[in-house]
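Written below as structure tokens is the structure these notes are about.
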Amino acid sequence: NYMDILNIIEKKKNKQQLTKQEIQFFVDSVCNKTIKDYQTTSFLMAVCLNGLNFEETYNLTISMANSGKKIDLSDVGLCFDKHSTGGVSDTTTLVIVPILASLGIKVAKMSGRSLGWTGGTADKMEVFEGYRNDISVDDFKKLIKQNGASIISQQDDLVLADKIIYKLRSESGTVDNISLIASSIMSKKIACGAKFLILDCKFGNAAFMKTKADCKKLAKTMIKIGNRAGLKVVAIVSDMNQPLTNYIGNNVEVYSSIKVLKGEKNDLSTLATKIAEIAILEQGLAKDSLTAQNMIENSITSGMAIEKLKQIVTSQGGKTDVIEDENLLLPKNDCQKVYATTSGFVEEINTAKLGDLQHKLQQKNNVFERQDNISIILNKRIGDAVKNGEVIAEIYHNSFEQIDEIATNVLACFKIGGKRRKIKLIEEIIK
Ligand code: URA
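For the sequence shown, this note's numbering assigns the number 21 to the initial residue and increments by one for each residue that follows.
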């Protein structure tokens, strides 16, 4: 075995194409733990440096998808799923799922944990005290039939290979590779059983894909993998050069999604309703975009969407007090204000750094009340005018000693200059 994996690593190091059997052997060895972590990461690094072609990427995806149990949703009916390639302050899932479920579209959503500087929906669902991400597959299916939707985390016995590889990637500098991201995401989507998928592919400084071109390449790779595996896939290419909302931190991000479900309009609502609109149109529930948009608006204004979120949360053991009164999610702990030291316009926001600072702050602070009331709230977005001395961000913490240093770092995330830039949130929709 040792010789075989060494041979596979050497082959990829020498830019050779791997066979289906070799890729299967790698995935099996990872799952059976017959290879060492350093061999796995060595292979992953070789992939990052020399790449996998489409055939190899597809084979890796399928081997990974088969590396655990698979969920069969055929008795539930056609289910919709959505996935983001990872961003900061992105709670579109929490907005989309209840809207679609309230309109009769079945949603089977398996969500991930935070990776690198990005957030994870599974972590955010736990803001609802008592919420269980880890219900059984039978309950997952039962709840989709009963409520029209369920949100769970990646189950232990599903896509075992991704669990192991994902962790090693995050610790070995091997996250930002198109084939590895595509196989990680698509293996989970295939194993989870939904046959209709919308991918939110992010580009920009807080995305794993920094350029639009790479992001589109990732989108197209995932669409091609999905189609070959029998899934209908639509990708939306969206900007991740600033946090999607002004709120960073699980509690306040959930706050921002509830605000949108109660009618607030901002970038989050724009992106979420666009994705919901695509789902509605693709499912044939509306004849055109305007009709679909009206259905979404009605779901929000009638209160159907927010009631659906309550039902989804309650069914999985979560408390809905914070849905009734989202202000409960706003931090009441110490606040360190961050002041602008120059006037002009916000030209850039180093969003990956902000996400990272939030994670660091969260790890180092003592958290007493809720699972997470540590947050960074921005007062300015790209294109906004700023005056010298104005508060551009607020950092909420629990008497954290190095807060001055964090504040200096948060300030450094803002580039203020003379240009009034505008961000185009949605770049393209690819089928
Ligand atoms: N999300 C995933 O699930 N996997 C990746 O590799 C990146 C983002």
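Idealized CB from N, CA, C, for every residue including glycine. Every value quoted in this text rests on a predicted model; they were computed, and no experiment measured them.
Cβ distance (whole Å) where residue i is taken to contact residue j below 8 Å
i	j	result
Val-280	Val-115	5 Å
Ile-198	Asp-234	7 Å
Phe-473	Thr-105	Because residue 473 is not part of the residues shown, which for the chain are 21 to 451, the question remains open.
Val-358	Ile-415	7 Å
Ile-316	Pro-118	Actually they do not touch by this definition, with Cβ atoms about 11 Å apart.
Lys-236	Ser-258	In fact, because the Cβ distance is near 12 Å, the residues do not count as touching under 8 Å.
Ala-249	Val-50	The pair is not a contact, with the Cβ atoms about 20 Å apart (cut-off 8 Å).
Asp-354	Asn-393	That pair is no contact at about 10 Å.
Neighbourhood of residue i by C-beta distance below 7 Å, restricted to the same chain and skipping five residues each side
i	result
Gly-437	Gly-364, Phe-365 and Glu-367
Lys-439	Phe-365 and Glu-367
Lys-144	Thr-111, Leu-114, Asn-270, Glu-273 and Val-274
Ile-201	Thr-105, Phe-228 and Leu-238
Ala-405	Phe-365
Ala-479	The question about residue 479 has no answer, for the chain in this structure spans 21 to 451.
Gln-41	none
Thr-231	Phe-223
Asn-385	Ile-394, His-417, Asn-418 and Phe-420
Buried or exposed (CB count within 10 angstroms, at least 16 for buried), residue i
i	result
Arg-189	buried
Thr-361	exposed
Gln-36	exposed
Glu-146	buried
Asn-21	Its pLDDT being 46, under 50, Asn-21 is placed unreliably by the model, and nothing is read from it.
Asp-158	exposed
Glu-297	buried
Thr-194	buried
Glu-30	exposed
Thr-490	With the chain represented from 21 up to 451, any question about residue 490 goes unanswered, as that position is not in the structure.
Leu-123	buried
Gln-378	buried
Asp-287	buried
Lys-56	exposed
Ala-454	This structure cannot settle anything about residue 454, because the visible part of the chain is limited to 21 through 451.
Asn-167	buried
Lys-328	buried
Contacts around residue i, its chain only, beta-carbon distance under 6 Å, and the 5 residues preceding and following it disregarded
i	result
Thr-81	Ser-203, Met-206, Ser-207 and Ile-245
Thr-371	Val-108, Asn-225, Ala-226, Gln-262 and Pro-263
Trp-137	Ala-372, Gly-375 and Asp-376
Gln-383	none
Lys-161	Val-96
Lys-435	Glu-367 and Glu-368
Lys-330	Thr-340 and Ile-343
Ile-43	Asn-79, Leu-80 and Ser-83
Ala-169	Val-117, Ala-121, Val-127 and Ile-332
Met-324	Ser-122
Glu-76	Leu-38
Thr-293	Ile-316
Sequence-distant residues of the same chain with beta carbon closer than 8 Å to residue i, five excluded per side
i	result
Val-179	Met-84, Ala-85, Ser-87, Gly-88, Ser-207, Lys-208 and Ala-211
Leu-348	Asp-341 and Val-342
Phe-100	Leu-120, Ile-125, Lys-126, Val-127, Ala-128, Ala-214, Phe-216, Leu-217, Ile-218, Ala-299 and Gln-303
Asn-247	Val-253
Asn-266	Ser-109, Ser-276, Ile-397, Leu-398, Asn-399 and Arg-401
Gly-337	Gly-150, Tyr-151 and Arg-152
Leu-14	This structure does not reach residue 14, given that the chain is present from 21 up to 451, and the question cannot be answered.
Asn-73	Gln-37
Asp-177	Gly-88 and Lys-89
Leu-26	Gln-59
Closest residue to residue i among the options (Cα-Cα distance)
i	options	result
Lys-352	Ile-343, Ser-395 and Met-324	Ser-395
Arg-401	Ser-319, Lys-442, Glu-75 and Val-272	Lys-442
Gly-53	Leu-135, Ile-29, Ile-184 and Ala-405	The question names Gly, but residue 53 is Lys in the sequence shown. When each option's Cα is compared against that of Lys-53, the closest is Ile-184.
Glu-191	Leu-135, Asn-153, Leu-163 and Ala-181	Leu-135
Ile-256	Leu-163, Ala-169 and Lys-102	Lys-102
Phe-420	Phe-223, Leu-288, Phe-45 and Leu-381	Leu-381
Ile-295	Tyr-58, Ile-28, Leu-38 and Leu-445	Leu-445
Ser-335	Val-50, Arg-152, Asp-404 and Ile-91	Arg-152
Leu-38	Leu-98, Ser-156 and Phe-63	Phe-63
Gly-422	Gln-356, Ile-412, Cys-433 and Gly-403	Here residue 422 turns out to be Gln, not Gly, going by the sequence shown. Checking every option, the nearest Cα to that of Gln-422 belongs to Gln-356.
Leu-69	Lys-32, Ile-412 and Gly-283	Lys-32
Ile-91	Thr-428, Arg-133 and Ile-164	Ile-164
Leu-301	Leu-291, Gln-44, Gly-168 and Ala-312	Ala-312
Leu-291	His-417, Ala-306, Met-260 and Asp-48	Met-260
Gln-175	Lys-232, Gln-378, Ala-142 and Asn-167	Ala-142
Phe-148	Glu-346, Thr-241 and Gln-166	Glu-346
Tyr-186	Val-47, Leu-251 and Ser-322	Val-47
Leu-350	Glu-410, Lys-407 and Ile-278	Ile-278
Arg-133	Ile-172, Asn-167, Ser-156 and Ala-66	Ile-172
Gly-139	Ile-268, Glu-410 and Ala-432	Ile-268
Ser-322	Ser-289, Ile-28 and Gly-283	Gly-283
Gly-71	Leu-98, Asn-34 and Phe-45	Asn-34
Contact with chain B by residue i, beta-carbon distance below 8 Å
i	result
Gln-378	Absent from the structure is chain B; it holds one protein chain and no more.
Any non-hydrogen atom of the ligand MN closer than 7 Å to residue i Cβ
i	result
Arg-401	Among the ligands present in this structure, namely the ligand URA, the ligand MN is not found.
Problem set entry | Contact set, the ligand URA heavy atom to C-beta under 5 Å | Here the residues close to the ligand URA, judged by CB distance below 5 Å to any of its heavy atoms, are Gly-106, Gly-132, Ile-201, Ser-204 and Ile-205 in chain order.
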